[in-house]
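Counting from 1, one number per residue, gives the positions in the sequence shown under full-length UniProt numbering.
Just so it is clear, CB atoms sit at the ideal spot from N, CA and C, and this is done for glycine as well.
Below is one structure, written out as structure tokens, with a few remarks after it.
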Amino acid sequence: MAGLNYKHLHYFWTVAKTGGVARASERLHLTAQTISGQLSLFEESLGYPLFRRVGRRLELNDEGRMVFDYAERIFSIGEELEEALRLRPGGRALQLRVGVADAVPKAIAYLLLESALAMQDPIRIICREGKLDVLLADLALHKLDIIIADSPMPPNVDVRGYHHLLGECDTSFFATPELARRYRKGFPGSFDGAPFLMPGEDAAVRPRLLRWFEKEKIRPRITGEFDDGALLLAFGDAGAGIFAAPAAIAAQIRKQYGLVEIGRTEAIREQFYAISVQRKLTHPAVLAIQSAARGNLIVGSSR
Numbered sequence: 001m002a003g004l005n006y007k008h009l010h011y012f013w014t015v016a017k018t019g020g021v022a023r024a025s026e027r028l029h030l031t032a033q034t035i036s037g038q039l040s041l042f043e044e045s046l047g048y049p050l051f052r053r054v055g056r057r058l059e060l061n062d063e064g065r066m067v068f069d070y071a072e073r074i075f076s077i078g079e080e081l082e083e084a085l086r087l088r089p090g091g092r093a094l095q096l097r098v099g100v101a102d103a104v105p106k107a108i109a110y111l112l113l114e115s116a117l118a119m120q121d122p123i124r125i126i127c128r129e130g131k132l133d134v135l136l137a138d139l140a141l142h143k144l145d146i147i148i149a150d151s152p153m154p155p156n157v158d159v160r161g162y163h164h165l166l167g168e169c170d171t172s173f174f175a176t177p178e179l180a181r182r183y184r185k186g187f188p189g190s191f192d193g194a195p196f197l198m199p200g201e202d203a204a205v206r207p208r209l210l211r212w213f214e215k216e217k218i219r220p221r222i223t224g225e226f227d228d229g230a231l232l233l234a235f236g237d238a239g240a241g242i243f244a245a246p247a248a249i250a251a252q253i254r255k256q257y258g259l260v261e262i263g264r265t266e267a268i269r270e271q272f273y274a275i276s277v278q279r280k281l282t283h284p285a286v287l288a289i290q291s292a293a294r295g296n297l298i299v300g301s302s303r
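Here you go:
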């Protein structure tokens with residue numbers, strides 16, 4: 001072997017992580033034919049096939065698993081190098097690439113991220129929002145430093161990552177003053193038959209809400225379901241229904257939107273996590289976010 005082609009190694013690593021050439025081509029923005037050709041050249045240069053085909057899916061063989069383990073370490077070291085260069089003093093702004101799961105309320109994301117902006121050293125935050133599975137793929141490809149999510153690391157994804165509980169808080173319920181006057185008295189029983197705006201299926205708080213409704217024998221009238229927390233808030237501000245939000249941002253919702261807090265419950269705890277590829281958080285801005293969470297949320301331990 002004359003020399004290892006690291007570009008080919010990266011193509012192989014991406015195919016292995018995504019489970020196929022088609023998905024890897026989407027991640028790398030290359031044609032499937034290009035990746036297949038480069039992968040064949042890589043296998044020829046090594047002198048070993050690295051995959052076996054199982055149906056439509058590619059699976060690593062023994063040699064492939066060995067190469068993949070080395071690739072994981074190589075690209076992990078590359079990520080550490082990138083971070084070391086970003087943290088190097090010299091007048092350049094520290095960079096934080098953060099993904100925010102779309103189920104996380106925007107006010108919570110800002111509450112956590114504003115602490116990074118308040119750091120003494122200049123910082124540049126690059127923020128991406130999207131579905132958690134998409135953000136995890138970007139995290140695996142080292143396009144993100146952390147993800148802020150409302151749930152821990154999913155157990156069924158093929159991504160090396162660790163979740164760190166930033167904190168948790170009670171759940172509050174809000175509505176316009178008109179709706180609040182109608183449904184505030186007798187909370188929470190007054191919610192039976194009341195118009196209610198539900199978070200989407202990806203929101204971790206949704207099953208907790210449903211269990212609470214069942215326990216309290218409440219059957220609200222669901223007038224809408226929303227994957228995007230900002231859109232749910234917009235409908236709530238327009239009077240389309242009552243909605244739930246983290247109690248940690250209750251004052252902000254009351255002040256900014258003029259909405260009324262009907263009540264709150266300790267039975268529904270909203271949790272927020274930082275997900276990273278590192279077992280221990282080291283980025284200064286992430287450490288600032290973690291510290292800020294202690295002041296704004298009831299904090300648990302990292303996991």
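Quick one: using the 10 Å Cβ neighbour count with 16 as the cut-off for buried, is residue i buried or exposed?
{"i": "Glu270", "result": "buried"}
{"i": "Leu41", "result": "exposed"}
{"i": "Tyr70", "result": "exposed"}
{"i": "Ser301", "result": "Residue placement at Ser301 is poorly supported in this model, since its pLDDT is 34, which falls under 50; the coordinates are not used for a value here."}
{"i": "Thr34", "result": "exposed"}
{"i": "Met66", "result": "exposed"}
{"i": "His10", "result": "buried"}
{"i": "Ile268", "result": "buried"}
{"i": "Asp121", "result": "exposed"}
{"i": "Lys17", "result": "buried"}
{"i": "Leu259", "result": "buried"}
{"i": "Ile77", "result": "exposed"}
{"i": "Pro49", "result": "exposed"}
{"i": "Ile222", "result": "exposed"}
{"i": "Pro195", "result": "buried"}
{"i": "Ala285", "result": "buried"}
{"i": "Gly193", "result": "exposed"}
{"i": "Ala251", "result": "exposed"}
Whose CA, out of the options, lies closest to the CA of residue i?
{"i": "Arg219", "options": "Phe226, Asp227, Asp228, Leu209", "result": "Leu209"}
{"i": "Ser291", "options": "Met119, Asp192, Ser40, Ala24", "result": "Met119"}
{"i": "His164", "options": "Leu28, Gln33, Arg294", "result": "Arg294"}
{"i": "Leu62", "options": "Ala71, Arg221, Arg52", "result": "Here residue 62 is Asp; the residue named in the question, Leu, does not match the sequence. That would be Arg52, whose Cα lies nearest to the Cα of Asp62."}
{"i": "Gly229", "options": "Gly189, Ser25, Gly200", "result": "Gly200"}
{"i": "Ala274", "options": "Pro154, Leu4, Glu114, Ile147", "result": "Ile147"}
{"i": "Asp158", "options": "Phe235, Leu111, Gly20", "result": "Gly20"}
{"i": "Ile249", "options": "Cys127, Leu81, Lys106", "result": "Lys106"}
{"i": "Val15", "options": "Leu4, Arg182, Thr31", "result": "Thr31"}
{"i": "Lys7", "options": "Glu26, Lys17, Leu39", "result": "Leu39"}
{"i": "Ile289", "options": "Asp150, Ala109, Phe173", "result": "Ala109"}
{"i": "Ala247", "options": "Leu259, Leu94, Pro155, Ser172", "result": "Ser172"}
{"i": "Arg56", "options": "Tyr48, Leu117, Arg23", "result": "Arg23"}
{"i": "Ala140", "options": "Ser276, Thr223, Leu60", "result": "Ser276"}
{"i": "Gly47", "options": "Leu113, Leu4, Ala285", "result": "Leu4"}
{"i": "Leu166", "options": "Leu112, His142, Ala175", "result": "Leu112"}
{"i": "Glu214", "options": "Phe191, Pro154, Asp227", "result": "Phe191"}
{"i": "Ala245", "options": "Tyr183, Ala175, Leu287, Leu117", "result": "Ala175"}
{"i": "Tyr162", "options": "Phe12, Arg182, Lys280", "result": "Lys280"}
On the DSSP bridge assignment, give the partners of residue i in chain order.
{"i": "His163", "result": "Ile275"}
{"i": "Phe226", "result": "Pro199"}
{"i": "residue 306", "result": "Outside the displayed span of the chain (1 to 303) sits residue 306, for which this structure offers no information."}
{"i": "residue 316", "result": "The requested residue 316 does not occur in the structure, where the chain is confined to residues 1 to 303."}
{"i": "Val100", "result": "Glu129, Ile148"}
{"i": "Ala244", "result": "Phe173"}
{"i": "Phe51", "result": "Leu60"}
{"i": "Ile123", "result": "Leu94"}
{"i": "Glu270", "result": "Cys169"}
Just to check my reading of the structure: residue i and residue j have Cβ atoms closer than 8 Å, yes? What is that Cβ distance to the nearest angstrom?
{"i": "Gly263", "j": "Pro188", "result": "6 Å"}
{"i": "Asp138", "j": "His283", "result": "Contact doesn't hold; Cβ gap of about 16 Å is too wide."}
{"i": "Leu197", "j": "Phe272", "result": "So it is not a contact: roughly 20 Å between Cβ atoms."}
{"i": "Ile125", "j": "Leu96", "result": "5 Å"}
{"i": "Ala204", "j": "Asp150", "result": "4 Å"}
{"i": "Asp170", "j": "Glu266", "result": "5 Å"}
Looking at C-beta atoms only, is the number of pairs between the segment 98-110 and the segment 126-141 that lie closer than 8 Å three or more?
-> As far as the Cβ criterion goes, the segment 98-110 touches the segment 126-141, which means the pair count is three or higher.
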